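I have placed the structure first, in the form of structure tokens, so that the comments after it can refer back to it.
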């Protein structure tokens, strides 16, 4: 049996959580997590405190939402739906779009939540970080393999480690911008392709 008023479409709860997080993201400043209140957040989001708690049961859940696996999986699902045909038609364009989306999600969602996690406790940060990196990089490396089949297994593994380091630093550096991270991701990929002999082919495509 369903609940809710007849004829009313089911609410996309995760999308609404993303909207709220985006609205209050300017409040998630480094070193300010502990003093932030749900009343302040609700006011900034133009909603009631009760309404805020409907979507986020605690302040912790709110500030860590950017690293929530469900949120990042939705970002990935939206990306795959939008670029579904590129895997067959243009894997390198898919890789470019993947890097663009990774840089955006890392700074928009993960960075403020990672900084909040560091402030809350190191254990929270480490556990969340590992899950984020796994979610974000597995799909990217699959796309790298499609776009650059010339990479050996060893080269792909080294690239993944390098990308992990770049992303980890970006998550905890509040000065890192989306464009800066995008450039670093591209430079890391280009360095690997150069050693594999694929850089010239990439530029020619």
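In the numbering used here, the protein residues as written are 236 to 440.
Don't be surprised by glycine CBs; every beta carbon is placed ideally from N, CA and C.
Note that the coordinates shown come from a computational prediction; the quantities given were computed from them, not determined experimentally.
When DSSP labels each residue in this structure, what does residue 252 get in the three-state scheme?
Three-state result, residue 252: helix.
The alpha helix (DSSP H) with residue 342 in it runs from where to where?
Careful: residue 342 lies outside any alpha helix (DSSP H) and carries neither H nor E.
Output the distance between the C-alpha atoms of residue 363 and residue 356, rounded to the nearest integer angstrom.
11 Å
Comparing alpha-carbon positions, which option in 296, 324 and 344 lies nearest residue 310?
344
For residue 308, count the other beta carbons within 10 Å of its own beta carbon; 16 or more makes it buried, fewer makes it exposed. Which is it?
exposed
Go through its chain and collect everything with a Cβ distance to residue 305's Cβ below 7 Å, but skip five positions before and after it.
Answer for residue 305: 249, listed in chain order.
Counted within 10 angstroms of its Cβ, other Cβ atoms place residue 427 as buried (16 or more) or exposed:
buried
Take residue 431 as the anchor and find which of 388, 415, 418 and 400 has the nearest alpha-carbon.
388
Report the residue from 331, 273, 403 and 374 whose alpha carbon sits nearest the alpha carbon of residue 425.
331
Expressed to the nearest angstrom, what Euclidean distance is found between the alpha-carbon atoms of residue 298 and residue 394?
30 Å
Excluding the 5 residues preceding and the 5 following residue 366 in the sequence, name in chain order all residues of the same chain whose CB lies nearer than 6 Å to its CB.
304
Taking the alpha carbon of residue 373 as the point to measure from, which residue in 385, 358, 353 and 396 has its own alpha carbon closest?
396
Cα-Cα, which of 371, 285, 294 and 274 is closest to residue 312?
371
Along the chain, where does the alpha helix (DSSP H) that runs through residue 303 open and close?
Note, residue 303: premise wrong, no alpha helix (DSSP H); not H, not E.
If you draw a straight line from the alpha carbon of residue 236 to that of residue 247, how long is it in whole angstroms?
Because the pLDDT of residue 236 is 33, which lies under 50, any placement of that residue in the model is unreliable, and the number read from its coordinates should be weighed accordingly. About 19 Å.
Might you give, ordered along the chain, the residues of its own chain that have their beta carbon closer than 8 Å to the beta carbon of residue 258, omitting 5 neighbours on each side?
279, 280 and 281
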